[in-house]
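Peer 1: Those letters in the sequence shown? Residues 159 to 646, by my numbering. By construction, the Cβ of each residue, glycine as well, lies at the ideal position given by its N, Cα and C atoms. Here the structure is a predicted model, which is why all the values come from computation and not from measurement. Okay, here's the structure, questions in a sec.
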Amino acid sequence: MKREKKNSIGKNAVYLFYSTIFSSGLNAVTLIILAKYLDSQSYGMFSIALAYALIMGYCTDAGISVAVLREGSKNEVSLPELISSFVKVRLVLLGVTFIAGYFLIQLLYQNQPELMKTMYYLMLPMVTGLALQSISITYFQLIEEMQYLGLIRICSAVLLVVSVLGGMMLALHPFLICLLYGTSYLLAGIVGIHLVGKRTTIHFKHAFHRGLLKNVTSFIISGLLVVLLPQLGPIVLERTLTLKQVGFFAVAYRIPSALYQIPGVLAGAFYPALFKSYHSKGEAAHLQLNLLQVKMMALTGMAMTVSFFYIPELLIRTLFGEQWVSASKALQILSFMLVLQSINVALADGLTTKALHYRRTAIQAAALIFGIGFYVGFSHQFGIEGAACAAVGIELISLAGYWVLNPAKKALAVNMLIPYLSFFSVLFVIMNYFLSESPVLAACLHLLSLTVILAADRGLLHKLRALIVKDKRAEAETIERGIGDGLS
């Protein structure tokens with residue numbers, strides 16, 4: 159089946175960048191106003207409920223969206239048939255998820271009625287909304303028209319801010335605030351499905367695309383681990399810390415989690431291109447494209463880590479108020495997650511898109527097991543700061559695994575991991591030794607010093623220029639040459 163002309167990687171990255179900046183900014187505003195409206199215990203309950211909602215939201219996907227991207231990259235596949243099959247599976251999984259989630263919550267939290275009620279008010283609309291949004295986001299990612307994906311994200315963020323602010327103005331109970339929070343996701347999901355319906359037909363009469371279920375088990379496990387790892391903290395800490403302490407940790411954790419969406423823009427733009435590069439041009443071209451992704455995401459993560467490491471107390475006090483300042487040390491530790499996660503996701507995408515997703519799954523499973531032990535042990539010993547160290551420890555375990563199990567580990571180490579991380583670490587030692595009393599100056603100089611990487615890596619500069627500066631014709635030629643020639 160002939161496909162329409164796709165946007166270039168550079169153009170998709172631009173669409174995703176401005177939409178993610180805008181939506182992440184609005185989500186950050188929501189985070190701030192919620193923390194100011196709720197006390198630490200209520201915010202702790204909200205964070206636990208949100209963690210379960212996000213996990214359940216993934217369970218309505220169960221890795222099928224990755225299989226859709228894989229199948230959709232094949233020219234002979236009918237998109238209406240594929241998307242209709244996708245919707246059928248998601249509806250079944252949504253029903254199963256709600257039933258399983260109900261029994262799990264009843265089993266684990268029957269003695270905590272307030273927490274249980276918070277979960278139900280938040281999860282019912284939010285999980286449904288996440289399922290609908292995921293369908294539309296996967297479709298537009300598949301056809302590589304990220305401007306619509308960005309529109310859905312912006313719509314969700316605007317609805318989120320408006321609903322939460324409206325609830326606060328009406329002085330609604332935290333339960334109803336949670337309901338409004340979840341409903342904003344549901345409304346954005348309906349908008350997304352409407353946009354998909356205007357581009358393709360979704361009919362249940364279409365035959366089921368059986369290729370959708372091929373090798374899906376590893377995608378299911380891998381995807382579940384992806385969503386479990388960032389939500390592990392609130393779930394485990396609820397058993398080892400007080401709800402108030404969980405609230406403090408959640409405030410610190412949500413900031414890097416929200417900001418990760420920025421390097422995640424690059425991951426979203428590269429992901430379908432990596433699949434196509436491997437299937438049509440081979441491992442060499444795929445490696446060059448993945449190296450470009452790792453470098454770009456690493457630099458973005460480094461810049462954000464620097465911004466939050468040096469002035470965490472000032473940021474917490476300014477954004478959330480004096481009552482949350484106890485979370486500042488945890489935020490300083492968690493800032494390292496930004497650079498580690500940025501690198502890890504790019505390395506993991508490299509494995510998945512060249513049919514090594516089972517290795518990604520094994521690494522994530524190991525990180526989950528270590529993570530539970532880290533959270534229990536470190537939080538018992540050091541409180542919320544220990545929990546922050548546990549979160550960073552999970553990322554370090556993942557980084558080691560993604561590198562060791564990558565067939566191109568030598569090329570990755572020589573061309574990116576060793577020079578980039580060594581330079582970044584040395585800069586931290588120097589700045590902390592000489593400018594520990596001037597954190598703002600240290601942050602500015604550290605950020606400025608990162609430009610040395612760009613100056614030293616001429617190949618990266620050339621690749622960035624090819625993606626950003628060239629006109630549409632040049633971008634099309636770059637993609638046609640297979641990225642491997644244009645970006646090698």
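(1) Is there contact here, the region 175-192 with the region 249-264, by at least three beta-carbon pairs under 8 Å?
(2) DSSP on I675, reduced to helix/strand/coil?
(3) Kindly indicate which three-state DSSP category G253 falls into: helix, strand or coil?
(4) Assign P565 to one of three DSSP states: helix, strand, or coil.
(5) Cα-Cα, which of N269, T519, V354 is closest to E303?
(6) Let's see if you can read the secondary structure: which residues bound the alpha helix (DSSP H) around H331?
(7) How many angstroms separate the CA atom of L417 from the CA atom of M462?
(8) Once DSSP output is grouped into helix, strand and coil, what is the label at L619?
(9) What did DSSP end up calling A545 once you bin it into helix, strand or coil?
(10) Can you tell me which of the three DSSP states D507 falls into?
(11) Express the C-alpha separation of S314 and T178 in angstroms, rounding to a whole number.
(12) Could you give the distance in angstroms between the alpha-carbon of R161 and the alpha-carbon of S294?
(13) Apart from the five residues just before and just after S333, which ones in its own chain have a Cβ nearer than 8 Å to its Cβ?
(14) Report buried or exposed for G479, applying the criterion of at least 16 other Cβ atoms within 10 angstroms of its Cβ.
(15) Would you mind giving the Cβ-Cβ distance between M114 and E553, rounded to the nearest angstrom? I have them listed as a contact below 8 Å.
(16) Does the region 410-430 come into contact with the region 552-566, if we say contact requires no fewer than three beta-carbon pairs (one atom in each stretch) closer than 8 Å?
(17) Can you tell me whether Y173 is helix, strand or coil according to DSSP?
(18) Fully enclosed by the region 266-303, which alpha helix (DSSP H) runs are 4 residues long or longer?
(19) Whole angstroms are fine: how far does the CA of A346 sit from the CA of I310?
(20) Just the C-alpha distance for M574 and L612, rounded to the nearest angstrom, thanks.
(21) Report back the beta-carbon spacing between L192 and Y201 to the nearest angstrom; my notes put them in contact at under 8 Å.
(22) Pick helix, strand or coil for S453, following the three-state DSSP scheme.
(23) Under the rule that 16 or more other beta-carbon atoms within 10 Å means buried, what is F362, buried or exposed?
(24) With a CB to CB cut of under 6 Å and the five nearest residues on each side skipped, what residues in its chain are close to A207?
(25) Which residues mark the beginning and the end of the alpha helix (DSSP H) in which K402 is found?
(26) If you follow the alpha helix (DSSP H) that T218 is part of, which residue opens it and which one closes it?
(27) Taking the alpha carbon of G340 as the point to measure from, which residue in D197, F581, Y210 has its own alpha carbon closest?
(28) Taking the Cβ atom as the reference point for each residue, do G541 and Q403 lie within a distance shorter than 8 Å?
(29) What residue from S484, G535, L557 has the CA that sits closest to V503's CA?
(30) Tell whether a beta-carbon distance below 8 Å holds between T218 and L288.
(31) Does the beta-carbon of V584 have 16 or more other beta-carbons within 10 angstroms, so that it is buried, or is it exposed?
Peer 2: Per the coordinate set shown:
(1) no
(2) The requested residue 675 is not part of the displayed model; the chain covers only 159 to 646.
(3) helix
(4) coil
(5) V354
(6) Run containing H331: none; DSSP gives neither H nor E here.
(7) 8 Å
(8) helix
(9) helix
(10) helix
(11) 11 Å
(12) Model confidence at R161 stands at a pLDDT of 47, short of 50, so the residue's coordinates are unreliable and nothing is read from them.
(13) In the sequence on display, residue 333 carries Phe and not Ser. These residues qualify, in order along the chain: K275, T276, Y279.
(14) exposed
(15) Nothing about residue 114 can be reported from this structure: the residues present for the chain run from 159 to 646 only.
(16) no
(17) helix
(18) 271-300
(19) 6 Å
(20) 12 Å
(21) 7 Å
(22) The residue you asked about is not Ser; residue 453 is Lys in the sequence shown. Looking at K453 - three-state DSSP - the assignment turns out to be helix.
(23) exposed
(24) T276, M277, L280
(25) 401-417
(26) Premise fails: T218 is in no alpha helix (DSSP H) and is neither H nor E.
(27) Y210
(28) yes
(29) L557
(30) yes
(31) exposed
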